[in-house]
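Asker:
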Amino acid sequence: MTRRDFVRGGVAAFTVGFAAPAFLTDIARAQGRSRRNLVVLYLSGGNDGLSTLIPYTDAQYYARRPTLAIPAASVLQIGSDSGGTPLGLNPRLTDLRTIFNAGRLAIIQRTGYPNSSRSHFQGTDIWSSADPSTPQGMGWLGRYLDRLPAPVDPLTAWSTVRETPRTLLARTVGVPSIANVQEYAFASPNGGADALAARQSATRIASHVPVDQPHLAFVNSTAQAAFNTLDRVAQVNNYAPTVAYPNNGFGQALQMVAGAIARGVGTNIFWVQTGGYDTHAGQNTNVANGSYNGLMTTLNGGLFAFYRDLLNQGLLTDTLVLQFSEFGRRISENGSSGTDHGAASLMMAIGGGVRGGIYGTAANLRIGNDNPTLENSSQDVRFETDFRSVYARVIDNWLGGDSSAILGGDFRAGPNFI
Amino acid sequence: MSRREQEIEHLFRRAGFGASQEEIDAHNRLSFASYSGAVAQLLNYTEFPDDVDSFVQRPGYVGVTGRSGSGFQPATNILDARQRWLFRMIHTKRPLQEKMALFWHNHFATAYTKVVGEIGDSAIATRMFAAKPEDDGSRTTGQLELFREHAMGNFRDLLVEVAKDPAMLVWLDGRTNIRTRPQENFARELMELFTIGVGHFEETDVYAGARVFTGWNLALANRNTAQARYDFFYNAPQHDTTAKEFSFPIYSDGARVIPARSAADGMQDGIELINALARHPLTGPRLALKLYRYFINEVDPPDEGLIEGLARVYYASGFEIGPMVRLILMSSQFKDPANYYRRYSWPVEFVVRSIKEVGWQGFSVNTALTPLVNMGQQLFEPPDVNGWELAQGWFSSGGMLARMNFAATLATNQRFNLREQTRGKVDSAESMLTFMLDRLTPPEFSRDAYNALLEYANFGGAWTGSDTQLAAKSSGLAHLITGSGDYQLV
Numbered sequence: 001m002t003r004r005d006f007v008r009g010g011v012a013a014f015t016v017g018f019a020a021p022a023f024l025t026d027i028a029r030a031q032g033r034s035r036r037n038l039v040v041l042y043l044s045g046g047n048d049g050l051s052t053l054i055p056y057t058d059a060q061y062y063a064r065r066p067t068l069a070i071p072a073a074s075v076l077q078i079g080s081d082s083g084g085t086p087l088g089l090n091p092r093l094t095d096l097r098t099i100f101n102a103g104r105l106a107i108i109q110r111t112g113y114p115n116s117s118r119s120h121f122q123g124t125d126i127w128s129s130a131d132p133s134t135p136q137g138m139g140w141l142g143r144y145l146d147r148l149p150a151p152v153d154p155l156t157a158w159s160t161v162r163e164t165p166r167t168l169l170a171r172t173v174g175v176p177s178i179a180n181v182q183e184y185a186f187a188s189p190n191g192g193a194d195a196l197a198a199r200q201s202a203t204r205i206a207s208h209v210p211v212d213q214p215h216l217a218f219v220n221s222t223a224q225a226a227f228n229t230l231d232r233v234a235q236v237n238n239y240a241p242t243v244a245y246p247n248n249g250f251g252q253a254l255q256m257v258a259g260a261i262a263r264g265v266g267t268n269i270f271w272v273q274t275g276g277y278d279t280h281a282g283q284n285t286n287v288a289n290g291s292y293n294g295l296m297t298t299l300n301g302g303l304f305a306f307y308r309d310l311l312n313q314g315l316l317t318d319t320l321v322l323q324f325s326e327f328g329r330r331i332s333e334n335g336s337s338g339t340d341h342g343a344a345s346l347m348m349a350i351g352g353g354v355r356g357g358i359y360g361t362a363a364n365l366r367i368g369n370d371n372p373t374l375e376n377s378s379q380d381v382r383f384e385t386d387f388r389s390v391y392a393r394v395i396d397n398w399l400g401g402d403s404s405a406i407l408g409g410d411f412r413a414g415p416n417f418i
Numbered sequence: 001m002s003r004r005e006q007e008i009e010h011l012f013r014r015a016g017f018g019a020s021q022e023e024i025d026a027h028n029r030l031s032f033a034s035y036s037g038a039v040a041q042l043l044n045y046t047e048f049p050d051d052v053d054s055f056v057q058r059p060g061y062v063g064v065t066g067r068s069g070s071g072f073q074p075a076t077n078i079l080d081a082r083q084r085w086l087f088r089m090i091h092t093k094r095p096l097q098e099k100m101a102l103f104w105h106n107h108f109a110t111a112y113t114k115v116v117g118e119i120g121d122s123a124i125a126t127r128m129f130a131a132k133p134e135d136d137g138s139r140t141t142g143q144l145e146l147f148r149e150h151a152m153g154n155f156r157d158l159l160v161e162v163a164k165d166p167a168m169l170v171w172l173d174g175r176t177n178i179r180t181r182p183q184e185n186f187a188r189e190l191m192e193l194f195t196i197g198v199g200h201f202e203e204t205d206v207y208a209g210a211r212v213f214t215g216w217n218l219a220l221a222n223r224n225t226a227q228a229r230y231d232f233f234y235n236a237p238q239h240d241t242t243a244k245e246f247s248f249p250i251y252s253d254g255a256r257v258i259p260a261r262s263a264a265d266g267m268q269d270g271i272e273l274i275n276a277l278a279r280h281p282l283t284g285p286r287l288a289l290k291l292y293r294y295f296i297n298e299v300d301p302p303d304e305g306l307i308e309g310l311a312r313v314y315y316a317s318g319f320e321i322g323p324m325v326r327l328i329l330m331s332s333q334f335k336d337p338a339n340y341y342r343r344y345s346w347p348v349e350f351v352v353r354s355i356k357e358v359g360w361q362g363f364s365v366n367t368a369l370t371p372l373v374n375m376g377q378q379l380f381e382p383p384d385v386n387g388w389e390l391a392q393g394w395f396s397s398g399g400m401l402a403r404m405n406f407a408a409t410l411a412t413n414q415r416f417n418l419r420e421q422t423r424g425k426v427d428s429a430e431s432m433l434t435f436m437l438d439r440l441t442p443p444e445f446s447r448d449a450y451n452a453l454l455e456y457a458n459f460g461g462a463w464t465g466s467d468t469q470l471a472a473k474s475s476g477l478a479h480l481i482t483g484s485g486d487y488q489l490v
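The listed protein sequences correspond, in order, to chains A and B. The working numbering numbers the first residue of the first sequence as 1 and each following residue consecutively. The working numbering numbers the first residue of the second sequence as 1 and each following residue consecutively.
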């Protein structure tokens with residue numbers, strides 16, 4: 001018996017004790033849960049926003065980045081922001097410009113928060129918890145999940161990396177991490193009926209969640225979540241996308257997300273992550289195979305495949321991609337053709353419901369204590385839009401949640417991108 | 001099982017990677033078999049030869065799998081380097097040394113992918129992580145050998161060695177840190193992650209720290225030969241010779257400024273900053289807490305008295321790690337049964353322990369490499385400089401499924417060995433379950449979980465003791481027990 005046979009055979013036994021996929025989706029709909037999809041995209045390492053969206057007429061940008069500044073002639077011009085600064089996308093983002101021109105890409109400049117952390121870990125925790133004062137708590141989307149009517153289907157959210165990111169950390173539901181659909185199946189040393197008996201036994205062992213041993217309860221709850229989700233996840237196995245996705249981790253993760261959306265497995269919040277943005281050295285924006293060009297090529301290719309795939313299937317209307325990174329980078333380049341940790345960066349949103357355009361105003365990169373758009377002795381970009389106001393928009397206007405309760409304050413005055 | 005046996009098994013799980021049945025038997029045969037005797041053996045590991053590598057590819061030991069065409073190349077192929085380290089963890093006579101090397105690998109987390117991407121040569125990059133000088137003509141001492149050598153040594157000395165370690169100099173970009181353009185990456189993490197912790201220093205300390213380490217660069221020896229190797233190189237003309245001021249004391253008199261000094265003497269800046277960070281009042285308690293969670297309990301709030309005691313030992317001994325570990329292993333807290341199974345096993349620990357307890361004849365550690373990726377721990381590939389997300393961070397439904405499926409793979413592979421082990425020793429489904437529970441040392445299962453295991457053992461017809469039944473049920477139970485949530489706790 002192959003593993004796939006087992007999974008197929010297992011479905012029948014499984015549905016005795018657990019709700020069938022369509023039934024679960026019905027429950028979700030009956031609960032009035034949003035059918036809209038949110039894909040949170042984390043660029044890990046701290047994205048250099050000034051190399052993603054380029055203020056190509058700012059003389060200081062060229063003065064402070066002698067090797068890293070991208071020539072004005074190369075940028076992909078997309079107009080000016082409300083402050084009148086002309087801006088252009090990184091030359092590798094040709095397909096994102098297509099999405100921008102279609103009015104489905106919003107770029108929110110200078111997003112951040114007061115006293116920006118320059119630590120990767122603290123910064124990521126702050127963006128994930130949306131709580132700069134106690135960033136070790138539950139995630140902002142975890143709190144959204146916690147407020148859904150119980151019991152929450154564990155597959156409501158799906159992390160495509162191997163751990164559950166803090167953003168999806170919830171008190172009442174263990175979000176599954178499924179990096180690879182094929183591997184998300186239950187194997188057994190013996191075949192046939194013995195394997196089914198083994199699965200029943202393992203499921204029963206996992207159902208033991210003793211209140212006096214929260215550590216064991218936690219581990220068992222992750223096993224339970226696996227048993228409750230693996231047959232539905234298996235439906236994504238043979239998803240045939242309408243376009244070819246790039247053959248890299250990011251592209252493949254997005255293909256899996258599209259498959260889960262198209263198959264309607266019950267998930268509507270996804271976490272996707274792509275790394276390499278900690279460009280202290282060899283950022284080399286102007287070298288053909290420089291690291292930043294590789295990052296932009298990966299980002300552009302994956303997002304465009306996802307966008308077209310969903311568009312082709314009429315699923316883009318219900319889908320929103322929200323991108324963030326833990327901080328931006330220093331304005332002046334360092335001696336290693338790179339940039340060190342900075343403060344504000346940019347966020348992007350892509351989707352059928354997005355009001356495309358450039359939001360916020362660019363920083364003035366001139367050094368001087370009288371320049372309010374910079375901080376840290378003019379070394380870093382100061383935030384203009386609190387990232388929590390972007391989250392608030394998503395919670396209120398997209399997910400139908402209550403941003404004040406989830407974010408612990410009123411952040412509703414944010415940019416009008418959705 | 002007696003209280004003492006449980007204590008010894010606990011000790012082997014925590015100070016090592018668990019014990020095979022042979023190792024438990026060997027311990028019990030010793031005339032001085034006692035808890036403190038076992039601790040002394042673990043601590044004084046230099047009394048045993050560091051000869052574990054000589055047993056690689058020998059009969060009776062877990063297998064390794066070389067690449068077709070080139071064979072097994074642990075110094076130059078990263079997959080083979082991972083296999084060799086797993087082999088060491090399984091068969092070493094010095095388990096505490098490997099356990100502490102793993103601790104330091106997480107503490108000074110350095111990842112192969114960036115290093116090989118930067119230097120563009122997989123053989124040189126692998127050596128930087130995992131080679132021993134005697135492995136080949138390049139005579140490279142990899143980062144892992146540093147951690148093994150200093151496993152129980154002096155923390156200040158280890159910091160100095162790590163600051164000069166070629167893999168670290170690539171990983172945190174120290175090799176490009178020069179006077180005209182200081183590179184902040186290493187200085188920041190030295191303070192934030194390696195010593196005092198986030199929130200206890202200023203951004204200006206990062207800038208000053210970057211300047212302290214200007215000129216701590218790399219040089220390529222034996223260029224364009226098979227013996228090519230990167231060495232630490234103090235590049236004096238690239239050192240920033242001006243004074244550096246910090247927000248915390250650098251010297252014992254409280255002075256916060258590292259004075260301007262000549263380029264030739266400039267390396268002393270880095271030594272003095274490291275000395276200050278080793279001596280800093282936050283470093284000892286932070287290390288103590290990390291060791292406490294590693295060895296004693298990461299589930300419950302720590303015992304503050306013991307943390308204080310450990311920090312005292314750290315400072316009083318001049319930053320020695322060995323006395324801290326000795327204090328931990330001899331403490332009443334370590335031996336308290338309330339602290340048994342209060343630590344989430346790391347994927348590597350789970351894999352090694354299950355191999356030691358289930359069996360390894362005919363199994364290759366190569367088989368564990370991909371499952372380890374799925375469980376979230378690839379050796380020499382921590383996710384970032386903060387190391388792995390420990391404790392609950394290891395567990396997600398995907399990660400747990402990967403553990404269950406590795407348990408299935410191992411149990412399937414060992415079904416005939418398990419059949420031989422159980423033949424004549426079990427005469428019912430229940431005794432089969434008892435045998436497997438004894439062998440695999442999980443915590444006591446709840447009544448219902450035990451019944452679920454027993455029901456499985458009874459499934460498929462009356463007990464006959466046939467070879468088929470022995471193989472099926474021993475492997476099936478090995479899978480269910482090692483794949484259970486309970487077994488993931490050590």
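Ideal placement from N, C-alpha and C gives every residue a C-beta, glycine not left out.
For the beta strand (DSSP E) that THR319 (chain A) lies in, which residues bound it at each end?
Answerer: Start and end: 319-324.
Asker: Looking at C-alpha atoms only, which residue of A:LEU155, A:PHE250 and A:LEU196 is the closest neighbour of GLN224 (chain A)?
Answerer: The candidate whose alpha carbon is nearest that of GLN224 (chain A) is A:LEU155.
Asker: With distance defined between alpha-carbon atoms, name the residue in A:ALA253, A:ASP386, A:ASN101 and A:ASP131 nearest to PRO415 (chain A).
Answerer: Minimum Cα distance to PRO415 (chain A) is reached at A:ASP386.
Asker: Listing by chain order, which chain B residues have their CB less than 9 Å from the CB of ASN174 (chain A)?
Answerer: Residue identity differs from the one stated: residue 174 (chain A) is Gly in this sequence, not Asn. Going along chain B in sequence order, the residues near GLY174 (chain A) (Cβ under 9 Å) are PHE395, SER396 and SER397.
Asker: Between which two residues does the beta strand (DSSP E) holding ALA349 (chain A) run?
Answerer: Here the beta strand (DSSP E) through ALA349 (chain A) covers 345-351.
Asker: What does THR222 (chain A) touch in chain B if you count any residue whose Cβ is under 8 Å from its own?
Answerer: What THR222 (chain A) touches in chain B: PHE395, SER396, SER397, GLY399, MET400 and GLY485.
Asker: Does DSSP put PRO133 (chain B) in a helix, in a strand, or in coil?
Answerer: Correct three-state label for PRO133 (chain B): helix.
Asker: Might you give, ordered along the chain, the residues of its own chain that have their beta carbon closer than 6 Å to the beta carbon of TRP85 (chain B), omitting 5 neighbours on each side?
Answerer: Closer than 6 Å at Cβ, skipping near neighbours: LEU379.
Asker: How many whole angstroms separate the CB atoms of PHE395 (chain B) and VAL219 (chain A), which I take to be in contact at a CB cut-off of 8 Å?
Answerer: Confirmed, Cβ separation roughly 5 Å.
Asker: Tell whether a beta-carbon distance below 9 Å holds between ALA478 (chain B) and ALA411 (chain B).
Answerer: Contact flag set, yes.
Asker: Rounded to a whole number of angstroms, what is the C-alpha to C-alpha distance between ARG33 (chain A) and THR319 (chain A)?
Answerer: Note that ARG33 (chain A) scores a pLDDT of 47, beneath 50, so its modelled location is shaky and nothing firm can be said.
Asker: Listed from N- to C-terminal order along the chain, which residues in the region 179-204 of chain B have their beta-carbon within a distance smaller than 7 Å of any beta-carbon of chain A?
Answerer: Cβ contacts with chain A: THR180, ARG181, GLN183, GLU184, ASN185, GLU192, VAL198 and GLU203.
Asker: In the DSSP output, which residue or residues are listed as bridge partners for LEU86 (chain B)?
Answerer: Answer is none; LEU86 (chain B) lacks a bridge partner.
Asker: Might you give, ordered along the chain, the residues of its own chain that have their beta carbon closer than 8 Å to the beta carbon of LEU43 (chain B), omitting 5 neighbours on each side?
Answerer: Taken in chain order, the residues that qualify are LEU96, MET152, GLY322, VAL325, ARG326 and LEU329.
Asker: Could you work out which residue in A:ASN371, A:TYR359, A:ASP370 and A:GLY137 is closest to ALA106 (chain A) when comparing CA atoms only?
Answerer: The candidate whose alpha carbon is nearest that of ALA106 (chain A) is A:TYR359.
Asker: Excluding the 5 residues flanking TRP463 (chain B) on each side, which residues of the same chain have their C-beta closer than 6 Å to its C-beta?
Answerer: If we look at TRP463 (chain B) and ignore the five residues flanking it on each side, its Cβ neighbours are SER428 and ALA429.
Asker: Any beta carbon of chain B sitting closer than 9 Å to that of THR229 (chain A)?
Answerer: Yes, THR229 (chain A) counts as interfacial toward chain B.
Asker: Going by Cα to Cα distance, which pick from A:ARG104, A:ASN47 and A:GLY79 is closest to LEU311 (chain A)?
Answerer: The shortest C-alpha separation from LEU311 (chain A) is found at A:ARG104.
Asker: Would you verify that the beta carbon of ASP48 (chain A) is, or is not, closer than 9 Å to some beta carbon of chain B?
Answerer: Not one chain B Cβ lies under 9 Å of ASP48 (chain A).
Asker: Consider the Cβ of ALA392 (chain A): report whether some Cβ of chain B lies at a distance smaller than 9 Å.
Answerer: Chain B contact via Cβ: absent.
Asker: Helix, strand or coil for HIS341 (chain A) per DSSP?
Answerer: Looking at HIS341 (chain A) - three-state DSSP - the assignment turns out to be strand.
Asker: Anything in the region 371-389 of chain B with a Cβ closer than 7 Å to a Cβ of chain A? List those residues in chain order, please.
Answerer: Listed by position along the chain: ASN374, GLY376, ASP384, ASN386 and GLU389.
Asker: Check TYR251 (chain B) in the structure and name its three-state DSSP category.
Answerer: Reduced to three states, the DSSP call for TYR251 (chain B) is coil.
Asker: Per DSSP, which one or two residues make a beta bridge with GLY71 (chain B)?
Answerer: Its beta-bridge partners are B:ARG67.
Asker: I want to know whether the region 181-196 of chain B touches the region 335-346 of chain A - three or more CB-CB distances under 8 Å.
Answerer: Because the criterion of three Cβ pairs below 8 Å is met, the region 181-196 of chain B and the region 335-346 of chain A touch.
Asker: Per DSSP, what kind of secondary structure is GLY270 (chain B) in: helix, strand or coil?
Answerer: DSSP places GLY270 (chain B) in helix when its eight states are reduced to three.
Asker: How about LEU144 (chain B) and ALA130 (chain B): do their beta carbons lie closer than 9 Å?
Answerer: Cβ atoms of LEU144 (chain B) and ALA130 (chain B): closer than 9 Å.
Asker: Return no unless some Cβ of chain A is closer than 9 Å to the Cβ of ARG163 (chain B).
Answerer: Correcting the residue identity first, residue 163 (chain B) is Ala in this sequence and not Arg. No, its Cβ sits nowhere closer than 9 Å to a Cβ of chain A.
Asker: Taking 9 Å as the CB-CB limit, is ALA472 (chain B) close to chain A?
Answerer: Yes, its Cβ sits closer than 9 Å to a Cβ of chain A.
Asker: Just to confirm before moving on: does the CB-CB distance between LEU169 (chain B) and PHE232 (chain B) stay below 9 Å?
Answerer: Taking 9 Å as the Cβ cut-off, LEU169 (chain B) and PHE232 (chain B) qualify as a contacting pair.
Asker: Any idea what DSSP makes of TRP346 (chain B), helix, strand or coil?
Answerer: Three-state result, TRP346 (chain B): coil.
Asker: Whole angstroms is fine: what's the gap from ASN284 (chain A)'s alpha carbon to TYR245 (chain A)'s?
Answerer: About 26 Å.
Asker: Do TYR113 (chain A) and PHE417 (chain A) count as a contact pair if the criterion is CB distance below 9 Å?
Answerer: No, the pair does not count as a contact, with Cβ atoms beyond the cut-off.
Asker: Which full runs of the beta strand (DSSP E) of 3+ residues lie inside the region 318-393 of chain B, going along the chain?
Answerer: With a minimum length of 3 residues, no continuous beta strand (DSSP E) run stays inside the region 318-393 of chain B.
Asker: Using DSSP with H/G/I as helix, E/B as strand and the rest coil, what is LEU477 (chain B)?
Answerer: Of the three classes helix, strand and coil, the one that applies to LEU477 (chain B) here is helix, per DSSP.
Asker: Kindly indicate the opening and closing residues of the beta strand (DSSP E) around ILE107 (chain A).
Answerer: Segment 105-112, the beta strand (DSSP E) holding ILE107 (chain A).
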